[in-house]
Each structure stands twice: as C-alpha cells, then as structure tokens.
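Position 132, counted from 1, in the sequence shown is what our numbering calls 459; the numbers after and before it change by one each time, with no gaps.
Where a beta carbon is used, it is the ideal one built from N, C-alpha and C, also for glycine.
The block underneath contains the structure these notes are about, expressed in structure tokens.
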Amino acid sequence: MKVWQCSVCKYIHKGSTPPEKCPVCGVPAKKFKEIDEASIPEKTPKRKKTIGKSLPGVPKQDKGRAQVPAIKETGFEKIKSLLVRHHAHPVSVHTPNGILPAAVILWLMAWMFDYDLFAGAALINLVFVIIALPFVVFTGILEWKKKYNGVLTMIFKLKILAAALTIISCVISLVWYLLDPQILTTPTAWVFFLINIIMLAAAGIAGHIGGKLVFKD
Ligand SMILES: [Zn+2]
Numbered sequence: 328m329k330v331w332q333c334s335v336c337k338y339i340h341k342g343s344t345p346p347e348k349c350p351v352c353g354v355p356a357k358k359f360k361e362i363d364e365a366s367i368p369e370k371t372p373k374r375k376k377t378i379g380k381s382l383p384g385v386p387k388q389d390k391g392r393a394q395v396p397a398i399k400e401t402g403f404e405k406i407k408s409l410l411v412r413h414h415a416h417p418v419s420v421h422t423p424n425g426i427l428p429a430a431v432i433l434w435l436m437a438w439m440f441d442y443d444l445f446a447g448a449a450l451i452n453l454v455f456v457i458i459a460l461p462f463v464v465f466t467g468i469l470e471w472k473k474k475y476n477g478v479l480t481m482i483f484k485l486k487i488l489a490a491a492l493t494i495i496s497c498v499i500s501l502v503w504y505l506l507d508p509q510i511l512t513t514p515t516a517w518v519f520f521l522i523n524i525i526m527l528a529a530a531g532i533a534g535h536i537g538g539k540l541v542f543k544d
C-alpha cells in the first residue's frame, strides 16, 4: 500500500491513490506527495522528513533538520519562526477562549439577579479578551502562513470568518456596555445577549477547527 502525505497540513493517507481532497485542510489530491512508510514518525506526523525530501539541495544527513531554514534568520523573522515552532497560537488562544464563556455567564447572572457586580466582572473579562486577541490573531496568521503556506481552502476561510466574528462581537459587547451600562435592564437586552452568544459560538468554531488542524481527526 502506498502512503501519501498532505503537503499543507501533513495529514497521512494510506491507499493506492491520494484522497480526492484532504479531509483535514481540504486541499486537492495534487497537493499530496507519496512518502516512504518507514519515514512516518511513531507519534504525530511531523513535517521534517517530507520537507527534507522536497529540498533537493539538502544533503542526506541534513534532511531531518531541513525544517530549519538554510538562510539564517535574524531579528523579527527569527522571533516569528520561534513563535510558530513553539506553538504560540494554540497556547495563547486559551486565554480568550477560557475567559469568554465566563464573561457570558457573568452577563447572564447580572441580568438574572440584577446585580451590577457581575456585569462589572463580565466587562473586565472582556477587556482581558480584547487585550489577548491581537497576539492570538498575529500568531494565528503566522502559523497559517508558515505552517500551511497560507492556503485558502474552506476550513481556513471558516476559521478566519469565525475569528473575525469573535473579535467584532467582543468589541460590540464591550463598547455597547460602556455606552449604556443599563443595557441589561432594557428590552433590547436580548440583542446584547445574542451578540454574546454569537461571540461564544464563533470562538468555539474557530477553536474546533484549530483542534482539527492540530490533531487531524
Ligand atoms: Zn491537508
């Protein structure tokens, strides 16, 4: 049986031909390269060896290290590579994704018990989300460009859309509450909650897609 690897997300497929479309990142069959079964690492499919093979100029003994660019990176480029290599995006994304549900629950509690303290806590949580988001977006774009060559298949379009929705709804919630601290006691409170639910769902979708890309299942 032949072994094929997606050149974008490194998904491994076994069969006589590559799949029509990568089940993880959605690129077409031509993006799959046949690889040697013995070169599949024990645990997770790593990119090192395939990348080594695709670089004809790299001597055999250096193939395993081909992930490190031949040209020495300096300054900002080096920082960007280090961020991708040390998984800055999946690590940092836990800050907003962890705080967001707490903020929404606190808004709900503030509305149910008519207690401003909960609303204040929700607001502070959203401020932390907004502080964390620029770094999360920056590392997300870096990872997409460096690890996945910036391919724009459906899964990446969805992820970008979900991330954008999260940011927009988060900013709207925050600004809205600051402009109208009595919003939870007005008849339009449901619109405010709807925006918060959209924010939560969008963050969840972005996170789910991220997990699919990382764990390939
Ligand atoms: Zn793929």
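Would you mind giving the Cβ-Cβ distance between residue i and residue j, rounded to the nearest angstrom? I have them listed as a contact below 8 Å.
i	j	result
A530	L427	5 Å
V541	L469	Wrong, their Cβ atoms sit about 15 Å apart, outside the cutoff.
I367	I339	6 Å
L501	L453	5 Å
I536	A489	7 Å
Quick check: residue i and residue j, are their CB atoms within less than 8 Å of each other?
i	j	result
K357	G342	no
I510	A516	yes
V351	K543	yes
G353	I482	yes
C336	Y475	yes
F519	W503	yes
V463	S419	yes
Nearest CA to the CA of residue i: which residue from the options?
i	options	result
T466	P508, M481, L450, H414	H414
A365	G537, W331, Y504, L485	W331
L492	Y475, G402, W471, M526	M526
A448	A437, D544, P350, C336	A437
K539	V463, P417, L435, D507	P417
V456	I494, V478, K399	I494
D443	A429, D363, F359, T512	T512
A446	P355, A528, P508	P508
P423	D441, K399, I487, C497	C497
L450	G402, H421, I487, V431	V431
A528	L506, P514, K486, L505	K486
Is there a Cβ from chain C that is less than 8 Å from the Cβ of residue i?
i	result
L506	The structure shown contains no chain C, having only a single protein chain.
By C-beta, the residues closer than 6 Å to any heavy atom of ligand 1, given in chain order: C333, V335, C336, Y338, C349, V351, C352, V354
Going residue by residue through the region 398–445, where are the continuous alpha helix (DSSP H) segments of at least 4 residues, counting only ones entirely within it? 402–412, 415–419, 421–440
Completely contained alpha helix (DSSP H) runs for the region 490–543, where each covers 4 or more residues: 516–542
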